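Colleague: Chain order of the listed sequences is A and B.
With my numbering as the guide, the letters of the first sequence map in order to residues 462 to 626.
With my numbering as the guide, the letters of the second sequence map in order to residues 81 to 497.
For every residue, glycine included, the Cβ atom is placed at its ideal position computed from N, Cα and C.
Computed from a predicted model, the values in this text were never measured in an experiment.
Let me give you the structure first, and then I'll get to my questions.
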Amino acid sequence: MKGKVWKYGDNINTDVLFPGKYTYTLMSPEEMAKHALEDLDPDFASQVKPGDVIVAGRNFGCGSSREQAAACLKAAGVQAVVARSFARIYYRNAINLGLPVIQCPEAVDVLEKGDEIEVDLAAGEIRSSKGNFSFPPFPDSVIGILKAGGLIAYTREKLKEKGVL
Amino acid sequence: MGQTLSEKILSRKVGRQVKANEVVTVSPDYILSHDNSAAIIQEFKEIGLKKVAAPEKIVIVLDHVVPAASEKHALNHKIIREFVEEQKIPHFFDIDAGVCHQVFSEQGFALPGLLIVGSDSHTTTYGAFGAMAIGIGRTETASIWATDEIWLRVPETIKFVLKGKLQLGVMSKDVILRLIGDVGAEGANYKAVEFSGEASSSLSIDSRMVMTNMAAEMGAKNGYFEPDDLCLDWLKNRAKKEFEIIHSDPDAHYEAIYEYDLSNLEPQVACPHSVDNVKPVTEVAGTIFHQALLGTCTNGRLEDLEIAVKILEGKKISRRIRMLVLPASKEVYLEALKRGWLAILYEAGAVILNPGCGPCLGAHMGILAPGEVALSTANRNFKGRMGSRDSAIYLASPATLAASALEGKIVDPRSYL
Ligand code: SF4
């Protein structure tokens, strides 16, 4: 899937990804998407298109362990987040919720806002108008989690395949 | 190029050479959980499976709110006990055992070369025995119960080479606080941390566990000491199964190497409200506090009680403060009891609590009132963690804590020993 780049800096924390004031009410994914990046880039939620990619600096997703900070981007149609590095809990939360997170500093060096981009998870490649960048491909299991839309759904699928569920 | 301990342990698990930044799917040796098992059970049931995949790998320790402080907590424990019974989980420790990380280690689950995951951030503790031990989330714990598998990113490694000899009254807690102060709370984010150098091997097992426990506070995925004779001696008669000793190769790749000479290190204190806000004790000397907590999974072992006993024997703590002593486990408690240490501390004015997490997480017993300050040997000082949102926590070593309890204000412990 092709999309456009949204570019941000270092230390994008979970508060700007998804404000804390909304975390104690239950929200549908559509509602969550409306608040994505609210305090960092007010244009994002209204202009993001399915397939777009966030490209950012170091320590993306630092701060609290709130899972909505990953869920809201997925709900907004974000295809993947490419960053120099991720906060540990965010990295796991994102994948377990079905949002691909890719560490690829070379791509971050080059890509700018609005660039055309395509992420090939299975091949471990980012293709863009500014060149191609490779990253270690995810193993089948992680691709499986991403495709299923998250860990619980994936676990259920896998157990069904094995005939234990 | 050679491999680090983490790369080697994960390579063995997947059956091929892996290197940092790859993502692998592996089957852990043990999966720890505690009072949060009730939440995990709920998620596990959502998956729809009747039986856990490998009951013998699951270790559950009730420790966070023990004995139950309310009906809600009691129900939580009841759900867990019933599940343990139903699933025939052999490694279950009820409310008398102690804090999970100490119990897990003493019971011989934390072994060299093993891959251990736990739904608690301080699972990193087991690296003191050369294991790769990683804290994970609840959802993933439920999923491992169901599938016996987890995906992990192979971490890069930062090495701390420790040299020199600690002064009397300076403890491994002071070392780890200094390191966290220097690299910051995210300084080892997602990475493995290796503690090496001659000063590391001279540290006792109790001291090593303090450092691997707090490796989590610099963001580390896992932290470890390479297993040596001292470690193997400690494990004798404890180890629950066979294990293989794994070392980093001499030509392994480290993302960064930091050298420290410990000879001149002063006692350190982490000031409110973050663990990396670390200052030498001389800079915060005189700070008034209201409650002293000696214990937790960070500093509730025999060595910690011993130094407090040395400082407090035959004396009385300041009347301005109250002091709580929380031995980390039943084993520690019983030994301290036999040696007469608990009597000494009790006579000095401390209250002896039952082993567990106690006041560490602010859920029950020893809660702080608004405006109060605690001095604690635990690992976290986030705002409000031990009670009121308007309370504050300073973190220090057991030596600093005991000497400060005598004076009713923070003091340098070196002249008390
Ligand atoms: S003693 Fe404190 S830090 Fe340790 S496991 Fe319990 S709550 Fe967590």
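Which of the residues in the segment 598-609 of chain A, read from start to end, lie with their CB under 9 Å from any CB of chain B?
Modeller: Residues P598, F599, P600, D601, S602, V603, I606.
Colleague: T237 (chain B) bridges to which residues according to DSSP?
Modeller: On the second sequence, position 157 is the one that residue 237 (chain B) refers to. DSSP output for T237 (chain B) lists B:A272 as bridge partner(s).
Colleague: Mind checking who W467 (chain A) pairs with in its DSSP beta bridge?
Modeller: In the first sequence, the residue the question calls residue 467 (chain A) occupies position 6. Per DSSP, A:I515.
Colleague: In or out: T237 (chain B) buried (at least 16 other Cβ within 10 Å) or exposed?
Modeller: Along the second sequence, read from residue 1 onward, the residue named residue 237 (chain B) stands at position 157. T237 (chain B) comes out buried.
Colleague: When every heavy atom of the ligand SF4 is checked, does at least one fall within less than 7 Å of the C-beta of A458 (chain B)?
Modeller: Start at 1 with the first residue of the second sequence, and residue 458 (chain B) comes out as number 378. Yes.
Colleague: I want to verify the contact list: residues of chain B whose CB lies under 9 Å from the CB of T475 (chain A), in sequence order.
Modeller: Here residue 475 (chain A) refers to the residue found at position 14 of the first sequence. By Cβ distance, chain B contributes nothing, its closest Cβ being about 13 Å from T475 (chain A), past 9 Å.
Colleague: How would you write the range of the alpha helix (DSSP H) that L292 (chain B) sits in, first residue to last?
Modeller: The sequence position of residue 292 (chain B) within the second sequence is 212, counting from 1. Here residue 292 (chain B) is Thr; the residue named in the question, Leu, does not match the sequence. T292 (chain B) -> alpha helix (DSSP H) spans 285-295.
Colleague: Against chain A, which members of the segment 362-393 of chain B pass a CB distance test of less than 9 Å?
Modeller: Listed by position, the residues of the segment 362-393 of chain B near chain A (Cβ gap below 9 Å) amount to none.
Colleague: Let me know the alpha helix (DSSP H) ranges lying completely inside the segment 339-394 of chain B, each 4 residues or longer, listed in chain order.
Modeller: Taking only runs of at least 4 residues, the alpha helix (DSSP H) segments lying wholly in the segment 339-394 of chain B are 361-364, 376-379, 382-392.
Colleague: Report the three-state DSSP secondary structure of R588 (chain A) (helix, strand or coil).
Modeller: For the purposes of this step, residue 588 (chain A) is taken as the residue at position 127 of the first sequence. Reduced to three states, the DSSP call for R588 (chain A) is strand.
Colleague: Buried or exposed: which applies to Q97 (chain B), given that a residue is buried once 16 or more other Cβ atoms fall within 10 Å of its Cβ?
Modeller: Position 17 of the second sequence, counted from the start, is the residue given in the question as residue 97 (chain B). That one is exposed.
Colleague: Does the ligand SF4 have a heavy atom nearer than 7 Å to the CB of T221 (chain B)?
Modeller: Reading the second sequence from its first residue, position 141 is the one you call residue 221 (chain B). No; taking the cut-off as 7 Å, the Cβ of T221 (chain B) has no heavy atom of the ligand SF4 nearer than that.
Colleague: Can you tell which of A:L560, A:H496, A:N593, A:L558 has its C-alpha closest to the C-alpha of P566 (chain A)?
Modeller: Position 105 of the first sequence, counted from the first residue, corresponds to residue 566 (chain A). The candidate whose alpha carbon is nearest that of P566 (chain A) is A:N593.
Colleague: Looking only at DSSP bridge pairs, what is R402 (chain B) linked to?
Modeller: Working through the second sequence from its first residue, we reach residue 402 (chain B) at position 322. DSSP, once it has assigned bridges, lists B:Q371 as partnering R402 (chain B).
Colleague: Under the rule that 16 or more other beta-carbon atoms within 10 Å means buried, what is R553 (chain A), buried or exposed?
Modeller: Stepping through the first sequence from its first residue, residue 553 (chain A) is reached at position 92. By the neighbour-count rule (16 or more Cβ atoms within 10 Å), R553 (chain A) is buried.
Colleague: Mind checking E528 (chain A): buried by the 16 CB within 10 Å criterion, or exposed?
Modeller: Here residue 528 (chain A) refers to the residue found at position 67 of the first sequence. When all chains shown are included, E528 (chain A) counts as buried.
Colleague: Just the Cα atoms here: how many angstroms apart are A226 (chain B) and G611 (chain A)?
Modeller: In the second sequence, the residue the question calls residue 226 (chain B) occupies position 146. In the first sequence, the residue the question calls residue 611 (chain A) occupies position 150. Between A226 (chain B) and G611 (chain A), the C-alpha separation is close to 15 Å.
Colleague: Beta carbon of F172 (chain B), beta carbon of V164 (chain B): below 8 Å?
Modeller: Along the second sequence, read from residue 1 onward, the residue named residue 172 (chain B) stands at position 92. Along the second sequence, read from residue 1 onward, the residue named residue 164 (chain B) stands at position 84. Against a cut-off of 8 Å, the Cβ pair of V164 (chain B) and F172 (chain B) comes out as a contact.
Colleague: Would you identify the three-state DSSP class for T105 (chain B), choosing helix, strand or coil?
Modeller: On the second sequence, position 25 is the one that residue 105 (chain B) refers to. Note: T105 (chain B) maps to strand in three-state DSSP.
Colleague: Is the beta carbon of T204 (chain B) less than 8 Å from the beta carbon of T292 (chain B)?
Modeller: Along the second sequence, read from residue 1 onward, the residue named residue 204 (chain B) stands at position 124. Along the second sequence, read from residue 1 onward, the residue named residue 292 (chain B) stands at position 212. Yes, the pair counts as a contact, with Cβ atoms nearer than the cut-off.
Colleague: Give a yes or no on whether the C-beta atoms belonging to L422 (chain B) and A416 (chain B) are separated by under 8 Å.
Modeller: Stepping through the second sequence from its first residue, residue 422 (chain B) is reached at position 342. Stepping through the second sequence from its first residue, residue 416 (chain B) is reached at position 336. Yes, the Cβ-Cβ distance between L422 (chain B) and A416 (chain B) is below 8 Å.
Colleague: Considering Y426 (chain B), what are the terminal residues of the alpha helix (DSSP H) in which it resides?
Modeller: Taking the first residue of the second sequence as 1, we reach residue 426 (chain B) at position 346. Per DSSP, Y426 (chain B) belongs to the alpha helix (DSSP H) from 421-427.
Colleague: Buried or exposed, going by whether 16 or more other CB atoms sit within 10 Å of the CB of I120 (chain B)?
Modeller: As a first step, residue 120 (chain B) is located in the second sequence; it is residue number 40 there, counting from the start. Classification of I120 (chain B): buried, given that the 10 Å Cβ count is 16 or more.
Colleague: If I measure Cβ to Cβ from I447 (chain B) and keep anything under 8 Å in the same chain, skipping five residues before and after, which residues do I get?
Modeller: The count along the second sequence starts at 1 and reaches residue 447 (chain B) at position 367. Taken in chain order, the residues that qualify are P439, M466, G467, S468.
Colleague: Can you grab the Cα-Cα spacing for the pair S328 (chain B) / V543 (chain A), in whole Å?
Modeller: In the second sequence, the residue the question calls residue 328 (chain B) occupies position 248. In the first sequence, the residue the question calls residue 543 (chain A) occupies position 82. Computed Cα separation, rounded: 31 Å.
Colleague: So which of B:N269, B:P493, B:E383, B:N434 has the shortest CA-CA distance to I285 (chain B)?
Modeller: For the purposes of this step, residue 285 (chain B) is taken as the residue at position 205 of the second sequence. Considering only alpha carbons, the answer is B:E383.
Colleague: What does V104 (chain B) touch in chain A if you count any residue whose Cβ is under 7 Å from its own?
Modeller: Along the second sequence, read from residue 1 onward, the residue named residue 104 (chain B) stands at position 24. Correct list: P600.
Colleague: For a cutoff of 8 Å on Cβ pairs, would you count E220 (chain B) as touching chain A?
Modeller: Counted from its first residue, the second sequence places residue 220 (chain B) at position 140. Cβ-Cβ to chain A under 8 Å: yes for E220 (chain B).
Colleague: Rounded to whole angstroms, how far is the Cβ of E266 (chain B) from the Cβ of G303 (chain B), which I believe are closer than 8 Å?
Modeller: On the second sequence, residue 266 (chain B) is found 186 positions in, with the first residue counted as 1. On the second sequence, residue 303 (chain B) is found 223 positions in, with the first residue counted as 1. With a Cβ gap of about 15 Å, E266 (chain B) and G303 (chain B) do not count as contacting.
Colleague: Would you mind telling me which residues of chain B sit closer than 8 Å to R549 (chain A), beta carbon to beta carbon, in chain order?
Modeller: Position 88 of the first sequence holds residue 549 (chain A). The answer, in chain order, is N269, Y270, G299, K301.
Colleague: Classify S456 (chain B) as helix, strand or coil using the three-state DSSP reduction.
Modeller: In the second sequence, the residue the question calls residue 456 (chain B) occupies position 376. S456 (chain B): strand per DSSP, three-state reduction.
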